[in-house]
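One structure is given below, encoded as structure tokens.
Number of protein chains: 4
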Amino acid sequence: MHEIQIVVRFGETDALGHINNTSYFIYLEEARIRFIETLGFSLDTNRWNFILASTKCDFISQGYFNQHLLIRTYVSKIGTKSFELDHDIICAETNQRIAKGKAVMVHFNFEKQQSEPISDGLREVLKSNLVLSS
Amino acid sequence: MHEIQIVVRFGETDALGHINNTSYFIYLEEARIRFIETLGFSLDTNRWNFILASTKCDFISQGYFNQHLLIRTYVSKIGTKSFELDHDIICAETNQRIAKGKAVMVHFNFEKQQSEPISDGLREVLKSNLVLSS
Amino acid sequence: MHEIQIVVRFGETDALGHINNTSYFIYLEEARIRFIETLGFSLDTNRWNFILASTKCDFISQGYFNQHLLIRTYVSKIGTKSFELDHDIICAETNQRIAKGKAVMVHFNFEKQQSEPISDGLREVLKSNLVLSS
Amino acid sequence: MHEIQIVVRFGETDALGHINNTSYFIYLEEARIRFIETLGFSLDTNRWNFILASTKCDFISQGYFNQHLLIRTYVSKIGTKSFELDHDIICAETNQRIAKGKAVMVHFNFEKQQSEPISDGLREVLKSNLVLSS
Numbered sequence: 000m001h002e003i004q005i006v007v008r009f010g011e012t013d014a015l016g017h018i019n020n021t022s023y024f025i026y027l028e029e030a031r032i033r034f035i036e037t038l039g040f041s042l043d044t045n046r047w048n049f050i051l052a053s054t055k056c057d058f059i060s061q062g063y064f065n066q067h068l069l070i071r072t073y074v075s076k077i078g079t080k081s082f083e084l085d086h087d088i089i090c091a092e093t094n095q096r097i098a099k100g101k102a103v104m105v106h107f108n109f110e111k112q113q114s115e116p117i118s119d120g121l122r123e124v125l126k127s128n129l130v131l132s133s
Numbered sequence: 000m001h002e003i004q005i006v007v008r009f010g011e012t013d014a015l016g017h018i019n020n021t022s023y024f025i026y027l028e029e030a031r032i033r034f035i036e037t038l039g040f041s042l043d044t045n046r047w048n049f050i051l052a053s054t055k056c057d058f059i060s061q062g063y064f065n066q067h068l069l070i071r072t073y074v075s076k077i078g079t080k081s082f083e084l085d086h087d088i089i090c091a092e093t094n095q096r097i098a099k100g101k102a103v104m105v106h107f108n109f110e111k112q113q114s115e116p117i118s119d120g121l122r123e124v125l126k127s128n129l130v131l132s133s
Numbered sequence: 000m001h002e003i004q005i006v007v008r009f010g011e012t013d014a015l016g017h018i019n020n021t022s023y024f025i026y027l028e029e030a031r032i033r034f035i036e037t038l039g040f041s042l043d044t045n046r047w048n049f050i051l052a053s054t055k056c057d058f059i060s061q062g063y064f065n066q067h068l069l070i071r072t073y074v075s076k077i078g079t080k081s082f083e084l085d086h087d088i089i090c091a092e093t094n095q096r097i098a099k100g101k102a103v104m105v106h107f108n109f110e111k112q113q114s115e116p117i118s119d120g121l122r123e124v125l126k127s128n129l130v131l132s133s
Numbered sequence: 000m001h002e003i004q005i006v007v008r009f010g011e012t013d014a015l016g017h018i019n020n021t022s023y024f025i026y027l028e029e030a031r032i033r034f035i036e037t038l039g040f041s042l043d044t045n046r047w048n049f050i051l052a053s054t055k056c057d058f059i060s061q062g063y064f065n066q067h068l069l070i071r072t073y074v075s076k077i078g079t080k081s082f083e084l085d086h087d088i089i090c091a092e093t094n095q096r097i098a099k100g101k102a103v104m105v106h107f108n109f110e111k112q113q114s115e116p117i118s119d120g121l122r123e124v125l126k127s128n129l130v131l132s133s
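Residue numbers (numbering that gives the first Met the number 0), protein chains in the order written: chain H, 0 to 133; chain X, 0 to 133; chain V, 0 to 133; chain Z, 0 to 133.
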């Protein structure tokens, strides 16, 4: 299980007093990138290997400024050219899940601007992070 | 069909040269709020009536700085306490759909911090904006 | 006098109920870029001509969601390789100035990654937008 | 000397490949709030004590995705109702200062919506963090 911790920044809230919905996608992107880094991929933007095809967030309960959030990431599906990540966003103080995220990532060649099959090596690494989603 | 137009801001792009995925959710929120305004609801944050339960964006092709985007919004489902919105994000220059969005909105009483049934009046207005999703 | 209008987005507010300070810099960037466009410069990011050396915002009174803001831009100083812009941020509803912005722009060659003198042609255009700052 | 460390997020960059100027103000806000926390103030938004009157950032060299940045904060001036903070933004990898920030903070009563004198107790704490700015 891959996990990062973030602390909610003030500017990530909105006038309803809670975390603005768009901020959750900042956290999911951060979790995704740190997960990809652990797979052994470069974070050099000139050698970027994935493009986001879809992302989703279900909001279970409201989050607030200064909360410590754990974002847990696991592989939920592996396709030919793409794979899916599921995320749990947990409030560290209460240990409750406040949101659930999902991302579909496509193996993408930015030079050729086209998708490419997932290599056997990557498939093995992804499999080792595969978890049946809840 | 409800439609707003936005022009992609420079800070909404990222180092891959395209619109950052989180920025699409800014556009979807803007479309949602403007749609809700047309339903006759106040935009006073002390009298806010809806909470976002889930949102999703499918990225079809990359978007760029300075593009003119049309965000079209329609009701795709009406439940007891919630309803769903579907969005098309269209590049105005090419008339191509570059992304598809979705939102589940819950009728919510922020004072009581609980969801509430959709009134008959709201149901009628939502029905008049109901479109079978593509 | 160059002027753009923006409408404050919901996600640009924060938990104090007003516009978050970082959002004003989004508006100033938008004003700057639209001003530079009127000078005849390309907005192609591969042919970008300026880099921001400094920016500042003085907050005079609080701004809120859904306000219509006018951002007025004028040249306040012209140097050898740089020039300064001053901005007034006006609430369109009350016609009151709610914030004042400033930017120092350097003529910059991104390929060579170094600053370059302002050409005579650019200097003339800038002069025609020069206003003694208040 | 008060110091926080942040790691540049992907969405904080822009299409020029570097950190977008607006993102620096996110870092400065985070540094400011953490500094205020160390002064003993509550971070409860219903008991907020300061409002930002002005902020500025000088950009010395470009910053990039994934850089570790140190944001150092010190008091540079103490007035009757306000005080000033100066910030250095240092690239942790090279130990070079890539940006300089400034903020003018006003002691503010959000209930009464008016500024208030700095108490003797706060003045003492601020004095102990006073550093002549460079």
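Just so it is clear, CB atoms sit at the ideal spot from N, CA and C, and this is done for glycine as well.
Query, Result
"My output table needs one value for V7(H): the three-state DSSP class, helix, strand or coil.", "coil"
"Taking I18(X) as the query, report the chain V residues whose CB atoms sit under 7 angstroms from its CB, ordered along the chain.", "Within chain V, no residue comes near I18(X); the closest Cβ sits about 12 angstroms away, beyond 7 angstroms."
"On the three-state DSSP scale, how would you describe G100(Z)?", "strand"
"So what does DSSP say about Y63(H), is it helix, strand or coil?", "coil"
"What ranges does the beta strand (DSSP E) occupy inside the region 20-63 of chain V, keeping only unbroken runs of at least 3 residues that lie completely in it?", "49-58"
"Mind listing which residues of the region 66-94 of chain H have their C-beta closer than 7 angstroms to chain X's C-betas, in chain order?", "none"
"Spell out the partners DSSP gives N108(X) in its beta bridges.", "Q113(X)"
"Look at the alpha carbon of V74(H) and the alpha carbon of G16(Z), and state the distance between them as a whole number of angstroms.", "29 angstroms"
"Under the three-state reduction of DSSP, which class applies to K76(Z): helix, strand or coil?", "strand"
"Let me check one thing: in DSSP terms, what residues is L69(X) bridge-paired to?", "Q4(X) and I89(X)"
"Could you give the C-beta distance for R96(Z) and I59(Z), rounded to a whole number, given that I count them as a contact under 8 angstroms?", "6 angstroms"
"Between the region 30-52 of chain X and chain V, which residues of the former have CB atoms less than 7 angstroms from a CB of the latter, in chain order?", "I32, L42 and T44"
"For a test of the three-state rule: what should DSSP assign to L129(X), helix, strand or coil?", "strand"
"Please list, in chain order, the chain X residues whose beta carbon lies closer than 7 angstroms to that of T21(H).", "T21, F24, I25 and E28"
"Evaluate the contact criterion for the region 80-97 of chain H versus the region 82-95 of chain X: three or more CB pairs, one atom per stretch, below 8 angstroms.", "no"
"Pick helix, strand or coil for L84(Z), following the three-state DSSP scheme.", "strand"
"Less than 9 angstroms separating the beta-carbons of A14(X) and C56(X)?", "no"
"If you draw a straight line from the alpha carbon of T44(H) to that of V105(H), how long is it in whole angstroms?", "16 angstroms"
"Where L131(Z) and K76(Z) are concerned, what is the direct C-alpha to C-alpha distance, given to the nearest angstrom?", "8 angstroms"
"With 16 other CB atoms within 10 Å as the buried threshold, where does T12(Z) fall?", "buried"
"Please report the Cβ distance between G39(H) and E28(Z), rounded to the nearest whole angstrom; I am assuming they are in contact, meaning their Cβ atoms lie under 8 angstroms.", "Not a contact, Cβ separation roughly 34 angstroms."
"Closer than 9 angstroms, CB to CB, is A102(X) near chain Z or not?", "no"
"With a threshold of 9 angstroms between beta carbons, is R122(Z) in contact with chain H?", "no"
"Strictly below 9 angstroms CB to CB, what residues from chain X border Q10(V)?", "Here the sequence assigns Gly to residue 10(V), which means Gln is not the residue at that position. Correct list: F24, I25, E28 and E29."
"If you drop the 5 nearest sequence neighbours on each side, which residues of the same chain put their C-beta closer than 8 angstroms to that of P116(X)?", "T79, K80 and H106"
"Short check: CB of I5(X) to CB of L68(X), under 9 angstroms?", "yes"
"Using a Cβ-Cβ cutoff of less than 7 angstroms, which residues in the same chain neighbour F64(V) once the five nearest sequence positions on both sides are dropped?", "V7, F9 and T12"
"When the distance is taken between beta carbons, is N128(Z) closer than 9 angstroms to L51(V)?", "no"
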